[in-house]
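Novice: Each residue of the sequence shown is one higher than the one before, counting from 1 in our numbering.
My questions will all concern the structure given below.
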Amino acid sequence: MRKLSVILLVIALSCTLATCSKTAPISSDPVPTAVETASATPVPTPKPEKTVSFADPILEKMVRAAMNKPEGDITVAEAEALTELKISIDWNPDPVPNTQIKDISGLENFKNLENLELHFHAISDISPLAGLTKLTRLSLGGNPISDLTPLAGLTNIESLTLFNCQAKDYTPLAKLTRLGMLLLDYSTLDDVSILSGLTELWWLSIANTQVNDVSPLSNLSNLRQLQLSGCPISDYTPLLAIYPNLEDKDFNIVTSLRQLGFAPINNAPQVEGYKEDDMFITVHHAEWGEMDDEERVDAVLLCKDYETENEIIVIYYPLKEQFLVLSHPGDFRYFIDVKSLEAGVEYGEDRANAFIEKAYDEVDPFVLVTPIRDFERIMTETFGVSADMLFDLPREAEAVQPAASENSLIGMGFDFNDAGTFGVYEEHEPHYVNVAITRPEWGECSESWGWNVQFMDTNINGYSVLIWYFVDQEKYNVRIERDGQGGNYDYFPATDEYSNIGPDAEIAAQMFNNAFETKGDGFRDKPITYMEKVILDRFGMSIDELYAAPKQ
């Protein structure tokens, strides 16, 4: 029975296979495997977006707040989309813990920033900023930055704040020639020679630094704001040329005795005198007039404690480098040599010593030098200058002309009339050429017949040519002259048209063609082209640019 069941199962299976073979014939093509099917229709694997990572959690928190993205990855693409990032904090003498950024790693991904503000953090390393070359404004004030090298390549920066900077080397700033504003207050800067090439500066603040020599700043003619307070500067006179340009400053340059409060003495007009409480000071130069008392000639005199028992007179002779000290009653009299401090006592040495010990609160170890030290102190505290500088000052200030920038009309060689309404540039060799300019805002100009720019060349192939440019009308009036004959016409460059040729049109056209080697009416634009070339060669600018240039 069991054997029969097996036989029946085999027969049934055979029938099933036979049926299948009839309904689904086997193809001769190979059947693809699962692996082959996958390779035939690949599924792309998405690349993960690059993200920004920050080493400082405070920086990350502030950046997220600025980007309004409190959660999720910040992608590099999102970072590169930003052009401005303001994450400064307010100044606090005792900073609140966990409010100051110390590490700015991660900011290197913000490559398109144009404005970055990071005031009053605790950042010393700014190397992540080295590649942010699109920055035009960078605020790092209040950070103890130790190295400015990363700034050297950021040559598009126009505004930079670095107050409280602790760098040892400031030379990288010399490469930032587009700087217009630079604030370095309370920094470790002690030498401004590296700033001498930053001629675009209009605001410079180096207050409370160790700078003591300002002469390298003397050529910064675009400066309008300059702060120097708190610096150990004793001589501001190198800035005299740019001083009139400064609209905001915290120092004064003394230019005359009158500016300090001196005035001619009534009974001795050849002497400049200054009086304050119980002392008076006089200055005299021999060329100002004769003196009855020869001891007061070419001298700076101090009379202290006037009309009291402690009255003393100290006279300084800058030309001799010598002091004369005497008491008014005539109790003592002696000279002191400035260089050696040796005393030459004529009389009353003991009385002088006793007087000085009594009259002065602070006495020098070399007692007779005490009035000299006091004299020097009084000059500095009263006038802010030494006695030598005081002696060198004129009685009244001479007019100081503001410094002219290279790209100003005066800087390019134009001379102006007394009224300042008309400026002319002239060349006399090999023949006479001039360019003149007048503008309505300068005032009415009697030298002009309504033109704004004049050009003259007295030898263009033997002809003298005069061109007047009327800016508002966009019109040129061109004139030519030779041997008593002449001609003129109006030319309009916008339409390349000319009109009003005369007085004899045929003669005028022939003269212009001879001068500019043209035929027919081909001359019409040639004088203007010639004028443009001369102005470009001389001044490096177009006619309209020259007309718009500042006076100084």
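For every residue, glycine included, the Cβ atom is placed at its ideal position computed from N, Cα and C.
(1) To the nearest whole angstrom, what separates the beta carbons of K86 and E117, a pair I think is in contact under 8 Å?
(2) Based on Cα-Cα distance, which residue from P329, V433, D418 lies nearest to C445?
(3) Residue range of the beta strand (DSSP E) that K69 falls in?
(4) Suppose the cutoff is 7 Å on Cβ atoms and the five residues either side in sequence are ignored; what does the same chain contact list for H431 look like?
(5) Within the same chain, show all residues whose beta-carbon is closer than 7 Å to that of R333, passing over the 5 residues directly before and after it, in chain order.
(6) Given a cut-off of 8 Å, decide if I104 and I126 are closer than it, judged by their beta-carbon atoms.
(7) Quick check for students: name the residue ranges of the beta strand (DSSP E) that lie wholly in the region 403-490, counting only runs of 3 or more.
(8) Near A436, which residues of its chain fall below 6 Å by C-beta distance, leaving aside the five closest residues on each side in sequence?
(9) In terms of residues, what are the limits of the alpha helix (DSSP H) holding N513?
(10) Using CA atoms only, rank isn't needed, just tell me which of R538, F539, E506 is closest to F523.
(11) Using the DSSP secondary-structure output, state which residues sit across from W203 in a beta bridge.
(12) Where do the ends of the beta strand (DSSP E) carrying F391 lie?
(13) In whole angstroms, what is the alpha-carbon distance linking G261 and Y274?
(14) Going by beta carbon distance, what residues of the same chain come within less than 6 Å of I26, once the five residues before and after it are set aside?
(15) So I312 is in the beta strand (DSSP E); what residue range does that whole segment cover?
(16) Go through its chain and collect everything with a Cβ distance to S53's Cβ below 7 Å, but skip five positions before and after it.
(17) Considering only the alpha carbon of each residue, which of I410, E429, Y498 lies closest to F422?
(18) When DSSP builds the beta bridges, which residues end up paired with I336?
(19) Quick check: the Cα distance between D305 and P238, rounded to an integer number of angstroms?
(20) Buried or exposed, going by whether 16 or more other CB atoms sit within 10 Å of the CB of V192?
(21) Per the DSSP calculation, I538 is bridged to which residue(s)?
(22) Quick check on R137: does DSSP put it in helix, strand or coil?
(23) Helix or strand or just coil, what does DSSP make of T161?
(24) E376 to D293, Cα distance in whole Å?
(25) State the Cα-Cα distance for the pair P144 and D374, rounded to the nearest angstrom.
(26) If we ignore side chains and look at the alpha-carbon of each, how far apart do E272 and T282 end up?
(27) Rounded to the nearest angstrom, what separates Y360 and T209 at their Cα positions?
(28) Look up T99 in the DSSP assignment and say whether it is helix, strand or coil.
(29) For V96, is the classification buried or exposed, using 16 other Cβ atoms within 10 angstroms of its Cβ as the cut-off for buried?
(30) DSSP state of A152, grouped into three classes?
(31) Can you tell me whether DSSP reads Y243 as helix, strand or coil?
(32) Kindly give me the distance between the Cβ atoms of I123 and I101, rounded to whole angstroms, as I take these residues to be in contact under 8 Å.
(33) Rounded C-beta distance between F539 and P527? I'm assuming under 8 Å.
Specialist: The structure says:
(1) In the sequence shown, the residue the question calls residue 86 occupies position 86. In the sequence shown, the residue the question calls residue 117 occupies position 117. Confirmed, about 4 Å.
(2) For this step, residue 445 is matched to residue 445 along the sequence shown. With distances taken between Cα atoms, C445 lies closest to D418.
(3) In the sequence shown, the residue the question calls residue 69 occupies position 69. It is not in any beta strand (DSSP E) - K69 carries neither H nor E in the DSSP assignment.
(4) Looking up residue 431 in the sequence shown gives position 431. If we look at H431 and ignore the five residues flanking it on each side, its Cβ neighbours are T458, N459.
(5) Your numbering for residue 333 matches position 333 in the sequence shown. Excluding positions up to five away in sequence, the list reads L326, E346, Y347, G348.
(6) Residue numbering aside, residue 126 sits at position 126 when the sequence shown is read from its first letter. Residue numbering aside, residue 104 sits at position 104 when the sequence shown is read from its first letter. Closer than 8 Å, so yes.
(7) With a minimum length of 3 residues, the continuous beta strand (DSSP E) runs that stay inside the region 403-490 are 423-427, 433-437, 453-460, 463-470, 475-482.
(8) Counting from 1 along the sequence shown, the entry for residue 436 is found at position 436. Taking C-beta separations shorter than 6 Å and ignoring five residues to either side along the sequence, the partners of A436 in its chain run V424, Q454, following chain order.
(9) By 1-based counting over the sequence shown, the position of residue 513 is 513. It spans 505-516 - the alpha helix (DSSP H) in which N513 sits, taken as one unbroken run.
(10) Mapped onto the sequence shown, residue 523 falls at position 523. Measuring from the Cα of F523, the nearest candidate turns out to be E506.
(11) In the sequence shown, counting from the first residue as 1, residue 203 sits at position 203. Per DSSP, M181, Q225.
(12) As a first step, residue 391 must be located in the sequence shown, where it is residue number 391. Unbroken run through F391 is the alpha helix (DSSP H), 387-392; no beta strand (DSSP E).
(13) Taking the first residue of the sequence shown as position 1, residue 261 is located at position 261. Taking the first residue of the sequence shown as position 1, residue 274 is located at position 274. One C-alpha to the other measures close to 6 Å.
(14) To locate residue 26, count along the sequence shown from 1; it is residue 26. Residue confidence is low: I26 scores 39 on pLDDT, short of 50, so the model does not pin down where it sits. No coordinate-derived value is stated.
(15) Here residue 312 refers to the residue found at position 312 when the sequence shown is read from its first residue. First-last of the beta strand (DSSP E) with I312: 312-317.
(16) Along the sequence shown, one-based indexing puts residue 53 at 53. The residues are G106.
(17) Counted from its first residue, the sequence shown places residue 422 at position 422. Closest in C-alpha terms to F422, from the list I410, E429, Y498, comes I410.
(18) Translated into the one-based positions of the sequence shown, residue 336 becomes position 336. Looking at the DSSP assignment, I336 forms a beta bridge with F323, A343.
(19) Walking along the sequence shown from the start, residue 305 turns up at place 305. Walking along the sequence shown from the start, residue 238 turns up at place 238. The alpha-carbon atoms of D305 and P238 are separated by roughly 36 Å.
(20) Here the question's residue 192 lines up with position 192 in the sequence shown. It counts as buried.
(21) As a first step, residue 538 must be located in the sequence shown, where it is residue number 538. Residue identity check: residue 538 is Arg in the sequence provided, not Ile. For R538, which the question treats as bridged, DSSP gives no partner whatsoever.
(22) As a working mapping, residue 137 is identified with position 137 in the sequence shown. Strand, per DSSP.
(23) Residue 161 sits at position 161 when you count from the first residue of the sequence shown. It is a strand residue.
(24) Reading the sequence shown from its first residue, position 376 is the one you call residue 376. Reading the sequence shown from its first residue, position 293 is the one you call residue 293. Their backbone Cα atoms lie some 23 Å apart in a straight line.
(25) Position 144 of the sequence shown, counted from the first residue, corresponds to residue 144. Position 374 of the sequence shown, counted from the first residue, corresponds to residue 374. Approximately 41 Å, taken between the alpha carbons.
(26) To locate residue 272, count along the sequence shown from 1; it is residue 272. To locate residue 282, count along the sequence shown from 1; it is residue 282. E272 and T282: Cα-Cα distance of roughly 6 Å.
(27) As a working mapping, residue 360 is identified with position 360 in the sequence shown. As a working mapping, residue 209 is identified with position 209 in the sequence shown. Roughly 34 Å separates the two Cα atoms.
(28) Residue mapping note: residue 99 aligns to position 99 of the sequence shown, counting from 1. Coil at T99, not helix or strand.
(29) Here residue 96 refers to the residue found at position 96 of the sequence shown. It is exposed - the Cβ of V96 has fewer than 16 other Cβ atoms within 10 Å.
(30) For this step, residue 152 is matched to residue 152 along the sequence shown. Three-state DSSP puts A152 in coil, outside helix and strand.
(31) In the sequence shown, the residue the question calls residue 243 occupies position 243. Correct three-state label for Y243: helix.
(32) In the sequence shown, counting from the first residue as 1, residue 123 sits at position 123. In the sequence shown, counting from the first residue as 1, residue 101 sits at position 101. Yes, they are in contact, since the Cβ atoms of I123 and I101 sit about 6 Å apart, within 8 Å.
(33) In the sequence shown, counting from the first residue as 1, residue 539 sits at position 539. In the sequence shown, counting from the first residue as 1, residue 527 sits at position 527. The beta-carbon separation of F539 and P527, rounded to 18 Å, does not stay under the 8 Å limit for a contact.
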